[in-house]
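Shown next, in structure tokens, is the structure this report addresses.
Below, the structure written as structure tokens:
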């Protein structure tokens with residue numbers, strides 16, 4: 001099939017462009033949304049802070065009035081002087097004051113004027129302090145400049161109040177009234193009225209620059225005492241019925257977030273902000289977000305275009321090379337780029353494939369011949385043990401005919417061993433392996449006569465279970481090579497085969513020379529690491545064969561004590577003969 005350049009990468013470029021544009025747009029919208037939420041959170045936090053500050057200011061006014069009353073009652077002389085001022089006309093009060101001062105050794109007169117001066121120092125919002133005399137029906141107003149003004153007192157409403165402390169309200173001010181009583185007789189003598197300037201709340205709001213919050217202070221009848229925007233001039237607030245303590249989104253003149261908190265004097269602090277202003281993202285930020293998004297989009301598009309153009313060129317080279325190979329041109333070579341990606345990997349392997357293809361074609365016939373030669377060698381290797389077995393059998397029969405039964409028995413054992421090697425099964429029954437070991441040990445029995453004896457014990461239900469062929473013979477041979485002591489007559493080799501959980505355990509125990517500790521540690525290390533250096537290759541081969549066949553948990557371990565003997569423990573899974 002003839003190759004022609006496709007529009008795959010163009011389609012991919014358009015697809016990725018749409019994806020990038022969508023992602024950048026979504027991110028831009030997301031960040032603007034998160035910014036709007038953050039601005040809203042900050043504005044509502046400012047709302048709450050302003051509300052707390054305004055309410056603290058109002059509460060501070062109430063606490064100031066209580067402190068002033070405490071100051072009055074803490075000093076008997078001061079209280080008596082105020083009562084004298086309430087019950088005497090100005091001339092009599094001043095005459096009494098001068099008489100007392102001239103007769104006293106005090107440096108100053110701690111009377112009503114000192115009391116008023118100390119009271120003004122308690123609160124900067126305190127506008128005036130007024131004393132209302134019941135006996136003279138007169139109000140004396142003291143201001144912060146020390147000026148005193150007296151006015152007739154005709155308000156029956158104040159006299160009808162039964163509360164010890166209460167407040168009255170006017171535009172931009174609140175007055176807290178406390179009754180003054182004689183400390184001894186508790187007789188009402190007059191009233192102390194502290195008037196605070198609510199308009200100074202503007203100073204509290206000014207601390208929060210660039211805020212869009214509006215502050216209203218209402219009394220319990222709904223009259224607006226203070227409005228930071230000057231929309232309401234001591235008039236009834238038309239949305240008073242909608243106001244609830246806490247934070248709410250309420251539809252007033254517009255949709256507002258409103259925070260409301262009452263104080264102890266029945267005043268209600270209201271801080272509100274338009275929903276549109278609370279969530280409004282600055283225009284500069286919007287423009288910046290758009291420009292950043294546009295910049296990221298352009299950068300991504302440039303990178304994408306360059307990358308796809310490069311990929312398209314490399315892929316075209318790869319496809320064209322494949323077409324040449326299809327036509328029989330195996331000498332093709334694809335230039336490799338510096339990019340370590342899949343296309344480079346494919347191109348590199350394609351080049352290697354082309355380089356090896358001719359060698360493969362040239363060597364395929366030789367490989368087939370070698371395979372046939374190997375099969376012939378394998379057949380010859382099987383013929384040799386058969387030939388040896390038949391020859392040994394002929395020699396054995398000749399020995400028996402000559403009356404040498406001992407030699408005949410030895411030849412029979414040796415012939416049995418050769419015949420066992422001819423059988424090609426990897427897994428044999430434990431019974432077959434035991435028979436093989438018996439014949440092998442009988443040969444050594446002939447050699448060492450009465451210096452050696454052996455014993456093989458196996459649980460009855462394990463005889464038909466599977467074992468890797470020629471597993472025990474190398475372990476037995478290791479004993480005769482390294483362990484047997486020919487100067488003694490009590491050499492003994494014991495083989496125990498038993499079941500442990502779901503495994504078969506074979507213990508090969510001897511009473512030979514044993515192994516020194518350093519050498520034993522080295523043997524076990526080599527068994528663990530499959531290190532073929534040094535001696536004890538037979539034990540290592542047994543361990544490796546078991547491990548390859550059955551896996552990591554199985555194999556050979558060796559314990560020994562010098563001059564006392566060696567115990568080789570072999571473990572493999574309990575399985576049937578395959």
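Numbering (UniProt numbering), first residue to last: 1 to 578.
Each residue gets a CB set at the ideal place from its N, CA and C atoms; glycine is no exception.
- Counting of Cβ neighbours within 10 angstroms places residue 131 among the buried residues, the total reaching 16 or more.
- Residue 58 sits close to residue 267, with the two beta carbons spaced by under 9 angstroms.
- When DSSP reads this structure, residue 271 sits in a beta bridge with 215 and 259.
- When Cβ pairs closer than 8 angstroms are counted between the two stretches, the region 230-240 is seen not to touch the region 278-285, the count staying below three.
- Going by C-alpha positions, residue 20 is about 37 angstroms away from residue 255.
- Annotation for residue 448: the continuous alpha helix (DSSP H) segment containing it runs 430-448.
- Residues of the same chain with a CB within less than 8 angstroms of the CB of residue 123, apart from the 5 flanking positions on each side, are 60, 61, 64 and 196 in chain order.
- In this structure, 495 is the residue among 495, 482 and 550 with its C-alpha nearest to the C-alpha of residue 458.
- Counting along the chain, residue 302 sits inside the alpha helix (DSSP H) bounded by residues 283-326.
- With a cut-off of 8 angstroms on Cβ pairs, the region 306-323 is not in contact with the region 31-48, counting fewer than three such pairs.
- Annotated as proximal: residue 564 and residue 511, with beta-carbon spacing under 9 angstroms.
- Straight across, the Cα-Cα distance linking residue 546 with residue 353 is about 39 angstroms.
- The C-beta separation of residue 558 from residue 566 comes to about 7 angstroms, placing the pair in contact by the 8 angstroms criterion.
- In this structure, residue 212 places its C-beta atom within 9 angstroms of the C-beta atom of residue 43.
- No residue range can be given for residue 243, since it is assigned to no alpha helix (DSSP H) and is classified by DSSP as neither H nor E.
- Counting the other Cβ atoms within 10 Å of the Cβ of residue 9 gives 16 or more, which makes it buried.
- CA-to-CA, the gap between residue 502 and residue 467 works out to about 14 angstroms.
- Residue environment analysis places residue 500 among the exposed positions, since fewer than 16 neighbouring C-beta atoms fall within 10 angstroms of its C-beta.
- If the five residues before and after residue 434 are omitted, its C-beta is found closer than 7 angstroms to the C-beta atoms of 456 and 458, all from its own chain and listed in chain order.
- Across the set 347, 507, 302 and 178, the C-alpha of 347 shows the shortest separation from the C-alpha of residue 317.
- Short of 7 angstroms from the beta carbon of residue 184, and not among the five residues preceding or following it, lies no beta carbon of its own chain.
- Approximately 20 angstroms separates the beta-carbon atoms of residue 491 and residue 539; this is outside 8 angstroms, ruling out the contact.
- Contact between the region 109-119 and the region 69-82 is present: 3 or more CB-CB pairs across the two stretches fall below 8 angstroms.
- Cβ-Cβ separation between residue 172 and residue 198: approximately 5 angstroms, consistent with a contact (criterion under 8 angstroms).
- In summary, residue 437 is buried, with 16 or more beta-carbon neighbours lying within 10 Å of its beta-carbon over all protein chains present.
- A contact between stretches requires three or more CB pairs, one per stretch, nearer than 8 angstroms, and the region 244-262 fails this requirement with the region 176-193.
- Under a 10 Å Cβ-count criterion, residue 299 is classified as exposed, with fewer than 16 other Cβ atoms of the shown protein chains found around its own Cβ.
- Taking the Cα of residue 451 as reference, the smallest distance to any Cα among 489, 463 and 460 is reached at 489.
- Rounded to the nearest angstrom, the Cβ distance from residue 134 to residue 189 is 6 angstroms, consistent with a contact under 8 angstroms.
- For residue 471, the number of other beta carbons within 10 angstroms of its own is at least 16, and it is reported as buried.
- In this structure, residue 429 and residue 469 do not form a Cβ contact; the two beta carbons are roughly 10 angstroms apart against a cut-off of 8 angstroms.
- Separation of residue 561 and residue 485 (C-alpha to C-alpha, rounded to the nearest whole angstrom) is 15 angstroms.
- The beta strand (DSSP E) runs lying completely inside the region 482-524 and spanning 3 residues or more are 491-500 and 503-510, given in chain order.
- Annotation: residue 276 to residue 14 spans about 39 angstroms, alpha carbon to alpha carbon.
- Residue 263 has its alpha-carbon roughly 18 angstroms from the corresponding atom of residue 241.
- Separation of residue 440 and residue 350 (C-alpha to C-alpha, rounded to the nearest whole angstrom) is 57 angstroms.
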